[in-house]
Structure formats: C-alpha cells, structure tokens
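Undergrad: Before anything else, here's the structure in question.
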Amino acid sequence: MEETRRKILAQYAFLLLACCFFSQLYATSDVKFYESFDEAFDGRWIVSEKEEYSGVWKHAKSEGHDDYGLLVSEKARKYAIVKELDNVVDLKDGTVVLQYEVRLQDGLECGGAYIKYLRPQEAGWTAKGFDNESPYTIMFGPDKCGATNKVHFILKHKNPKSGEYVEHHLKFPPSVPADKLTHVYTAVLKPDNDVLILVDGEEKKKANFLSSDDFEPPLIPAETIPDPEDKKPEDWDERAKIPDPDAKKPDDWDEDAPMEIEDEEAEKPEGWLDDEPEDVDDPEATKPEDWDDDEDGEWEAPKVDNPKCAEAPGCGEWKRPMIRNPAYKGKWHSPLIDNPNYKGIWKPRDIPNPDYFELDKPNFEPIAAIGIEIWTMQDGILFDNILIASDEKVAESYRKTAWKPKFDVEKEKQKAEEEAESGGLKGYQKVVFDLLYKVAGVPFLGEHKAKVLDLLEKAEKQPNITVGVVVSVVVVVFSVLLKLIFGGKKPQPAIASVETEKTDGAETSTSNSQAAEEKEEQSEDAAAAPRRRTRRDN
C-alpha cells in the first residue's frame, strides 16, 4: 500500500516538473530578444565609430535603485549604439511586441529617447558605421523638443510600385509623460493590421496600418490624384457674391461726417475751477539729502491731487463731451448680390494614380538589430529592459516584475518631495498656486493686488478651498479688465458725458458731476507713490 502511494506521488511530481519545464520553454520561445543590462554592455553592444557620435554611453544604476541600465551620460551630444540580434525577427506572421523602459532622470527639454529596429545589414549598413541613415523598419519611442512632444511610431515601408522606402508616421500619437520617473513603452503589432501603443501598460493609441486616417502618408496611396497638367480656365469666376453694379450712393450719404461730435447741450457745472491744475506738488515732500543735481538732474517734488479739486465739480480746462454723430454713416459700399457668373471653387480633375497599389498586409521588413541613435540636450536618459516578444502576456509579465516595482517606489518618492516642497499641497494644487501668484503680479491689477494675494495666502493654509479661490481671482481679474476697457482712465478725465433723464417732465443733468467722481478715482494711483525725475546719463 505504502509502495503504491510512493509511486503515485512520484508520478505527480514528474508531471509537475514536466509542466513547469514546458511552460518555461513556451514562455522562452515567445521572447525573441531581451536585454536587462544587468551585465556590462561592452562587447555585446557596439558603439558607432562615426565622428559626430561623441556621446559616451555608460553602464549605470537607475537613481534610487540597484537596477542597471544603458545611460546617456553627457549633455548636448549625439549618441549611437547598436545590438545585432542572434536571430532575425519576422514581423509578417503573428503578433509582435516591442517594449522597453526609459527614465528621463534629468527631464527632457529637447531630445529623443526612441529606438530604431533595423533591417538586415544587406540593406547597406554596418554596426560600427551606424548612423541616422542606417535603414530601419520601425522607429518607436519618446521625442520632445519645442512644439514636438510625442511617442513616435514610424514604419518605413517599401512601395511595391516605385521600390522606394517611405516613412509612414502614426497620426496623433500619445505625448511623453512630463516627469522623471521610469516609464515603459509598448508597441503591439497584430495580425489583423492593428497596432497598439501602450504607455505604462495603458493603451494610449489604437491604429490600423492600412487606414489613411491613422498614418501619414497612408501606406496605400490614393486611387486618384489631381491632374498636374490641368489648368483653371481664364474665364472661371470663383466669386459667389459681387457688388451690385446698379446700386447708387444716396444723395444724403455724407462719407465725410465724423463719427463723434461735441454735445452742444452740455453745460459746464457751476463751481468748475478752470484755472486750477488737477495735480500739485506735494507740499510735505523734501529733497533727499543724497540727491546730486549734477548726477541725478533737477529734483522735482512728487505730485499729489489738488485738494481744491476735491471740493469742486472738477478742475482744469472744461470741454464739451463727445457724443455719437447721428449723421455719421461711414464709407458707402455697394450691396452684394449673387454673382450670375459664379462657377464654384475650381479644382483640377482627378486622374488615376500611377503609383496606386492594393495591399492586404504591410510588407514588413525583418528586424535584425536594435539601435539607439539620438541627439539630446539632456543627460541622465536611462534605457532598460528592451524586449521583443510574440505574446502580449509575456510583455505584461515583464512590466509587472521588472518595471512596476521601480515605478511604485519612484512615484511614492515623488509624491513625498512634492508635498514637502509645497508645504502639504498636492502636486496639482502647487501648479495652480504658482500660476495664480503669477497672475497676481500683472501690473493692471493695481490696488486689487493686495486682495488677490490675501486670498491666495488663505487658500494655501486651507487647500480644500482652492477651487473657490480660483473662481474669485478670475472674477477679480475679469472685473478689472472690464473696468480698464470700458471705464478706465481717459486722457481727459474732466470731460464728462451728459445723460438727460426725463422724470415727471423734468430734465436732470447728471453727467459732469459723474465725471468729477471718475476723475477722483483715476487720480488715486498718482497719490500712491512719490515721483522722481530719472537720473541722467553723464
């Protein structure tokens, strides 16, 4: 009995070992290439010997980890390095997954961090002569500089008609994450001609190789093209509307009438001080002891509001306010009518495209090597865990075991640093407050600046009211803008407009007293600070 039991257990153990073996064998067969950079790359990866590629590659640890990678070690350099595959990877059959990690440890203002999947050397390149002209099948990965901010996916495809290799760029690719964490980029080429772009395992873009909506230029050319020999006829009229040739300018239309005229009904308010200036020298101001007339120029006392004007309707020369001229009509133009000779917008006729061809599947060139050929203004770019596989689950398992633990550690560290820097504020709140403080510094806020700053200080102590503060600041800024546009300072604040209101048969003139009040508001800024004549250059 005991002997039988031992035999059964032995059989179970054998079956378990066999399953593990074949499972591992199956998984290994799905991995076409993998580079972890656990060991030094010397002798396995070949650095280009081209003179312009002076950047030095290093085998280095990722910051904060014991994990090694391939490091871009110098700023403002061109880099080129290549790894020839033991076996060529065919892209025509089944699923192919291209995946790798990259960490921008010092950020990325201008440069690339992409990989080129190269054709066999029979296409005309060598490892030591690897450069930007070396023929590739796919270029994939982050690129950022100026207006460019995207995860490239470019297929270099041979036109069967012309024999020319054409670069087909993925339209609307995802953007590059704006941080210094390790990110994993994945491109999945499917048998149904779909391609998926994943960032950190999350699908960011799905496209079809044969769709003209997804690649520019499309892999399949247009069936017809505009005839380059076709010319627009000389009598072709593209104007939908034309001036009415029979229209005449009315006799009473005065093109020279001004838009505004003086209000003849306005009267100068009683008590207006014509001979008093609006501003006077500050009687309490004294010349600074260190003022040097030869070096600083003649000293002038700062100006303050004339106290006499505060008790009067206004000061200075009184002028009649301007009102809209009821006779103003502006320049006369003939009305537009439908053009009887209109033929529409001309375009050349279409002819069959001599380069057109039909395609059921892309004619992928095989991958024989992996190359990194970049120009960057930043150092600290670290490549790691480069994978080519034939199964999406294999790529997913590498993300879980090789990438995710590092990313989680970096994310927690970043969160702690952001909270420490912002005094407890979350990352997005810090960005919002930085922007709001910049808004508070704009010159036109004037006296409202103190109110805005007070709001921001309160909100920083109570982060939960951030949204309310944003709304309040927007309202304040918008109100000030409206005041500047429609009711701000004018060159002649004493010039008032007259509003005649009829109430119970009585007419009340209110304009000039309002003008005096506006003048007082407009002079507040002048009293806020003393003025000095600017220093002269000797």
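Terminal number for the sequence shown in UniProt numbering: 538, no gaps in between. Glycine included, every Cβ here is placed at the ideal spot set by N, Cα and C.
(1) Sorted by chain position, which residues of the same chain lie with C-beta nearer than 8 Å to G146's C-beta, five sequence neighbours on each side aside?
(2) Could you round the C-beta distance between F33 and L387 to whole angstroms and report it? I think they count as a contact, below 8 Å.
(3) Compare the C-alpha of Y342 against each of S48, A240, A450 and name the closest.
(4) Give me whichever residues DSSP pairs with D237 in a beta bridge.
(5) Counting only the same chain and skipping the five closest in sequence on each side, list residues whose C-beta sits under 8 Å from that of D355.
(6) Just reading off the alpha helix (DSSP H) that V82 is part of, what are its end residues?
(7) As a quick exercise: from E122, V452, G64, pick the residue whose alpha carbon is nearest that of E410.
(8) Who are the near neighbours of A257 in its chain, counting only those whose CB is closer than 8 Å to its CB and skipping five residues on each side?
(9) Roughly how far, in whole angstroms, is the beta-carbon of L118 from the beta-carbon of Y136, given that I think they are within contact range, below 8 Å?
(10) Please report the distance separating the alpha-carbon of V280 from that of K308.
(11) Mind checking who N385 pairs with in its DSSP beta bridge?
(12) Using a 10 Å radius around the Cβ and a threshold of 16 neighbouring Cβ atoms, would you call A266 buried or exposed?
(13) Would DSSP call E262 helix, strand or coil?
(14) Kindly indicate which residue of Q378, R103, P348 has the alpha-carbon position closest to the one of I225.
(15) Measuring alpha carbon to alpha carbon, tell me which residue in G124, D350, D274 is nearest E229.
(16) Alpha carbon to alpha carbon, what distance is there between A459 and residue 540?
(17) Rounded to whole angstroms, what is the Cα-Cα separation between M377 and V394?
(18) What is the residue span of the alpha helix (DSSP H) that Y53 lies within?
(19) Take V176 as the anchor and find which of V195, E164, A310, F153 has the nearest alpha-carbon.
(20) Straight-line CA distance for W236 to W346?
(21) Within a Cβ cutoff of 8 Å, which residues of the same chain sit near E223, ignoring the five residues on either side of it in sequence?
(22) What three-state label does DSSP hand A207 in the structure shown?
(23) Could you check where the alpha helix (DSSP H) with F407 kicks off and where it finishes?
(24) Counting only the same chain and skipping the five closest in sequence on each side, list residues whose C-beta sits under 8 Å from that of P217.
(25) Relative to the ligand ZN, is the shortest distance from any of its heavy atoms to the C-beta of G112 smaller than 8 Å?
(26) Would a C-beta distance cut-off of 9 Å place K78 and G129 closer than the cut-off?
(27) So, helix, strand or coil for C145, using DSSP?
(28) With distances taken from CA atoms, which of V304, K287, K303 is nearest D296?
(29) Where do the ends of the alpha helix (DSSP H) carrying D296 lie?
(30) Would you identify the three-state DSSP class for L170, choosing helix, strand or coil?
(31) Nearest CA to the CA of D192: which residue from G380, F478, L359?
(32) Under DSSP, the beta strand (DSSP E) around C315 begins and ends at which residues?
(33) In or out: I337 buried (at least 16 other Cβ within 10 Å) or exposed?
(34) In chain order, what are the residue ranges of uninterrupted alpha helix (DSSP H) at least 4 long that sit wholly in the segment 179 to 207?
(35) Here's a check: name, in chain order, each residue in its chain whose Cβ is nearer than 6 Å to the Cβ of R320, leaving out the five neighbours to either side.
(36) Report yes if the C-beta distance between T95 and K190 is below 9 Å; otherwise report no.
TA: Taking the geometry as given:
(1) Spatial neighbours of G146 in its own chain (CB-CB distance under 8 Å, excluding positions within 5 residues in sequence) are listed in chain order as C110.
(2) Their Cβ separation, rounded to whole angstroms, is 7 Å, which keeps F33 and L387 in contact under 8 Å.
(3) Nearest neighbour of Y342 by Cα position, chosen from S48, A240, A450, turns out to be A240.
(4) According to DSSP, which records beta bridges pairwise, D237 is partnered with Y342.
(5) Correct list, in chain order: N159, K161, S162, P221.
(6) Counting along the chain, V82 sits inside no alpha helix (DSSP H); it lies in the beta strand (DSSP E) bounded by residues 77 to 89.
(7) Checked all of E122, V452, G64; the closest Cα to E410 is G64.
(8) Closer than 8 Å at Cβ, skipping near neighbours: N325, A327, Y328, K329.
(9) With a Cβ gap of about 5 Å, L118 and Y136 count as contacting.
(10) Here the alpha carbon of V280 sits roughly 10 Å from the alpha carbon of K308.
(11) Looking at the DSSP assignment, N385 forms no beta bridge with any residue, so it has no partner.
(12) Buried is the call here.
(13) Of the three classes helix, strand and coil, the one that applies to E262 here is strand, per DSSP.
(14) Minimum Cα distance to I225 is reached at P348.
(15) Checking every option, the nearest Cα to that of E229 belongs to D350.
(16) One cannot answer for residue 540 here, as it falls past the ends of the chain, which runs 1 to 538.
(17) Note on geometry: alpha-carbon atoms of M377 and V394 lie some 34 Å from one another.
(18) No residue range can be given for Y53, since it is assigned to no alpha helix (DSSP H) and is classified by DSSP as neither H nor E.
(19) The shortest C-alpha separation from V176 is found at F153.
(20) Computed Cα separation, rounded: 8 Å.
(21) Same-chain partners within the cutoff: P352, N353, Y356.
(22) If DSSP states are grouped into helix, strand and coil, A207 belongs with the strands.
(23) For F407, the enclosing alpha helix (DSSP H) starts and ends at 404 to 421.
(24) If we look at P217 and ignore the five residues flanking it on each side, its Cβ neighbours are V166, H168.
(25) Ligands are entirely absent from the displayed structure, and the ligand ZN is therefore not among its contents.
(26) No, these two residues do not count as a Cβ contact at 9 Å.
(27) In the structure shown, C145 sits in a strand (DSSP, three-state: E or B).
(28) Comparing Cα positions, the closest option is K287.
(29) That run of the alpha helix (DSSP H) goes 293 to 296.
(30) If DSSP states are grouped into helix, strand and coil, L170 belongs with the strands.
(31) Out of G380, F478, L359, L359 has the C-alpha closest to the C-alpha of D192.
(32) Where C315 is concerned, there is no enclosing beta strand (DSSP E), given that its DSSP letter is neither H nor E.
(33) The residue in question, I337, is exposed, as its Cβ has fewer than 16 Cβ neighbours within 10 Å.
(34) As far as the segment 179 to 207 is concerned, it has no whole alpha helix (DSSP H) run of at least 4 residues.
(35) Same-chain partners within the cutoff: E262, D263, A266.
(36) The beta carbons of T95 and K190 sit closer together than 9 Å.
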